[in-house]
Amino acid sequence: EEIKNQLMVHEGVEKPNYIIACVGGGSNAAGAYYHFLNDLEVKLIAVEAAGHGIESGESAATSVLGKEGIIHGSKTLLMQTQDGQITEPYSISAGLDYPGVGPMHAHLYKSGRAEFISITDDEAMKSGMKLCQLEGIIPAIESAHALAAFDKKTFQSQDIVVVSLSGRGDKDLETYIKYFDL
């Protein structure tokens, strides 16, 4: 409801054209998408951590690298070996460093309801720093992945795009400082 309320106040509309949210296990994106799941006019963009690159062996891009499996008692997409052992995911962002996605997100991916985009550590960190410089907001590195997807996509000038900033970046300051050698 919060997204609907803020859009009505600030834009005079009840729904955006797009919602972009990061997905590790998927709680942030689930909350952002919830009231719009059945509204096919709202395009859902789920952003996963590609780490050092999808083919690098150091990634958490479950939609690309995962297969159906069981984790925590749920059938979902899971990064795993041929014999079903969970493989180690990687992301610079601790919140996206997860070997699977929630069952809802696996369904959104398989059904095509959500577009999944993989963002590397470098892309996320650069977009996070860009927000710091332009707006004075330090985003959580998880959220910086969603910002990078926004930077990567092409939108029309009239599109209303919601990017979910799911957390504050003060917890990630040390990572930003080290990454940019500040």
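Just so we're aligned, residue 48 is where the sequence shown starts under the working numbering, counting upward by one. Even for Gly, the Cβ is constructed at its ideal location relative to N, Cα and C. This structure is a prediction, so every number in the text was calculated from the model and none was measured.
Comparing C-alpha positions only, which one of E221, I117, S140, V89 sits nearest to D130? Counting from 1 along the sequence shown, the entry for residue 130 is found at position 83. Looking at the Cα atoms, I117 is the closest of the given residues.
Counting Cβ pairs, one atom from each stretch, are 3 or more of them under 8 Å apart for the stretch 205-214 and the stretch 55-75? A contact exists between the stretch 205-214 and the stretch 55-75.
What does DSSP give as the partner residues of R160 in its beta bridges? The residue labelled residue 160 in the question sits at position 113 within the sequence shown. Partner(s): none; R160 has no beta bridge.
Just mark I166 as buried or exposed, buried being the case when its beta carbon has 16 or more other beta carbons within 10 Å. Position 119 of the sequence shown, counting from 1, holds the residue named residue 166. Buried, since its Cβ has 16 or more Cβ neighbours within 10 Å.
Compute the distance between the beta-carbons of I139 and A93, then report whether it is under 9 Å. For the purposes of this step, residue 139 is taken as residue 92 along the sequence shown, with counting starting at 1. For the purposes of this step, residue 93 is taken as residue 46 along the sequence shown, with counting starting at 1. Not in contact: I139 and A93 (Cβ atoms no closer than 9 Å).
Let me check one thing: in DSSP terms, what residues is P146 bridge-paired to? As a working note, residue 146 is residue 99 in the sequence shown. DSSP output for P146 lists no bridge partner at all.
Decide yes or no for the touch test of the stretch 213-229 against the stretch 186-195: beta carbon pairs closer than 8 Å, at least 3 of them. yes
Using CA coordinates, which residue listed in G113, D219, D86, K122 is at the minimum distance from E95? Locating residue 95 in the sequence shown gives position 48, where the first residue counts as 1. Checked all of G113, D219, D86, K122; the closest Cα to E95 is G113.
How would you call D168, buried or exposed, if buried means at least 16 neighbouring beta carbons within 10 angstroms? Indexing the sequence shown from 1 puts residue 168 at position 121. Per the 10 Å Cβ criterion, buried.
Mark L194 as exposed unless 16 or more other C-beta atoms lie within 10 angstroms of its C-beta, in which case mark it buried. Here the question's residue 194 lines up with position 147 in the sequence shown. L194 should be labelled buried.
Are the beta-carbon atoms belonging to K218 and Y65 less than 9 Å from one another? As a first step, residue 218 is located in the sequence shown; it is residue number 171 there, counting from the start. As a first step, residue 65 is located in the sequence shown; it is residue number 18 there, counting from the start. No, these two residues do not count as a Cβ contact at 9 Å.
With respect to the beta strand (DSSP E) encompassing T128, which residues constitute its N-terminal and C-terminal limits? Within the sequence shown, residue 128 is the residue found at index 81, counting from 1. From DSSP, T128 is part of no beta strand (DSSP E); its letter is neither H nor E.
Between the Cα of L229 and the Cα atoms of Q203, F197, M176, A196, which residue gives the shortest distance? If you number the sequence shown from 1, residue 229 lands on position 182. The residue with the shortest Cα to Cα distance from L229 is M176.
What does DSSP give as the partner residues of I23 in its beta bridges? Outside the shown range of the chain, which is 48 to 229, sits residue 23, and nothing can be said about it.
Just the C-alpha distance for G183 and Q132, rounded to the nearest angstrom, thanks. Here residue 183 is taken as the residue at index 136 of the sequence shown, counted from 1. Here residue 132 is taken as the residue at index 85 of the sequence shown, counted from 1. Spanning the two alpha carbons is a distance of roughly 43 Å.
Looking at C-alpha atoms only, which residue of S106, H119, G73 is the closest neighbour of M151? Within the sequence shown, numbered from 1, the residue matching residue 151 stands at position 104. The shortest C-alpha separation from M151 is found at G73.
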